[in-house]
Amino acid sequence: MIKAVIFDFDGTIVDTESLWYEVFKKTLSEDYGFELGLEDFAKGIGTTDDILFNYIDSKLGIQIDRESIQEKTEKAFQSQRDILILREGIQDLIEKCIEKGLKLGVASSSGRDWVKHYLNHFGIEGHFQTIKTKEDVEKVKPDPALYIKALEEMGVGPEESLAIEDSVNGSIAAVKAGMHCAAVPNDVTHFLSFHGKVLRYKAFSEIPIDELIMGQGKG
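Laid out in structure tokens, this is it:
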């Protein structure tokens with residue numbers, strides 16, 4: 655029986671990943687003439703930027719100026735961040751979980767200030783009993799540490815919990831932690847193949863939360 659639901663943040667609660675892809679693609683094209691494909695960008699989703707930068711270095715045969723790229727993409731992202739909205743259906747799912755008396759948490763490979771800023775901006779921070787971010791662990795997703803830390807703080811066993819994800823790295827972390835996992839990919843992650851134990855849905859409204867609570871959900 656499910657007692658807690660832990661949400662990923664980037665790409666799940668808010669689709670920040672589509673905007674990140676656009677600014678990374680534009681900056682790399684302007685600075686290095688490098689055309690960043692969506693599939694290559696997606697390899698680093700849900701984990702650290704090192705995966706993406708290492709790939710670019712290998713393709714270009716040089717070490718790019720990571721600090722400069724990060725500064726430029728951050729500036730471009732911040733200039734457009736007002737267009738970000740909650741993913742369709744996520745607020746309804748959160749409210750449905752609350753109605754069912756489930757404990758709620760967030761587990762994100764991003765920084766605490768980043769995550770809390772947007773949760774507060776959208777007025778939903780108070781719904782979550784625990785928020786675990788990269789500052790809380792030595793390794794981020796696909797390592798299961800973030801989920802394990804969140805579960806420990808919530809006092810819930812992994813078999814009693816459901817992770818809501820959008821990326822392969824995030825879903826692997828949930829599966830490694832021993833959790834049930836439902837994935838609702840976004841425009842950047844929709845073409846990816848997920849672990850066989852992950853329940854995949856096209857929309858948050860499709861997640862049969864009542865069935866999953868009772869352990870009867872089907873992929």
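Residue numbers (my numbering): 655 to 873.
All residues carry an ideal CB built from backbone N, CA and C; glycine is no exception.
Just so it is clear, the structure is predicted and the values come from calculations on it, not from any experiment.
Query	Result
With distances taken Cα to Cα, identify the nearest neighbour of residue 822 among 667, 816 and 850.	850
Assign residue 834 to buried or exposed, taking buried as 16 or more other Cβ atoms, counted over all protein chains shown, within 10 Å of its Cβ.	buried
Between which two residues does the beta strand (DSSP E) carrying residue 750 extend?	Looking at the DSSP string, residue 750 is not in any beta strand (DSSP E); the run it does join, the alpha helix (DSSP H), is 744-753.
Tell me which same chain residues have a C-beta within less than 8 angstroms of the C-beta of residue 792, skipping the five on either side of it?	799
Can you find the residues in the same chain that come closer than 8 angstroms, C-beta to C-beta, to residue 747, ignoring five residues on each side of it along the sequence?	818, 858, 859, 861 and 863
Should the region 778-789 be called in touch with the region 684-693, which here means at least 3 C-beta pairs below 8 angstroms?	no
Hey, quick one: how far does the alpha helix (DSSP H) through residue 661 stretch, first residue to last?	Segment 658-661 is the beta strand (DSSP E) holding residue 661; no alpha helix (DSSP H) there.
I believe residue 720 touches residue 707 by the beta-carbon criterion, under 8 angstroms. Please report the beta-carbon distance rounded to the nearest angstrom.	5 angstroms
Alpha carbon to alpha carbon, how far is residue 695 from residue 872? Give it in angstroms, no decimals.	Only weak support is given to the placement of residue 872: the predicted model assigns it a pLDDT of 46, under 50, and the value that follows is read from those uncertain coordinates. Going by the C-alpha atoms only, they are around 30 angstroms apart.
Cβ atoms of residue 760 and residue 828: under 9 angstroms apart, would you say?	no
Considering only their Cβ atoms, is the gap separating residue 659 from residue 756 smaller than 9 angstroms?	yes
Alpha helix (DSSP H) containing residue 789: first to last residue?	Residue 789 -> no alpha helix (DSSP H), and no H or E assigned at all.
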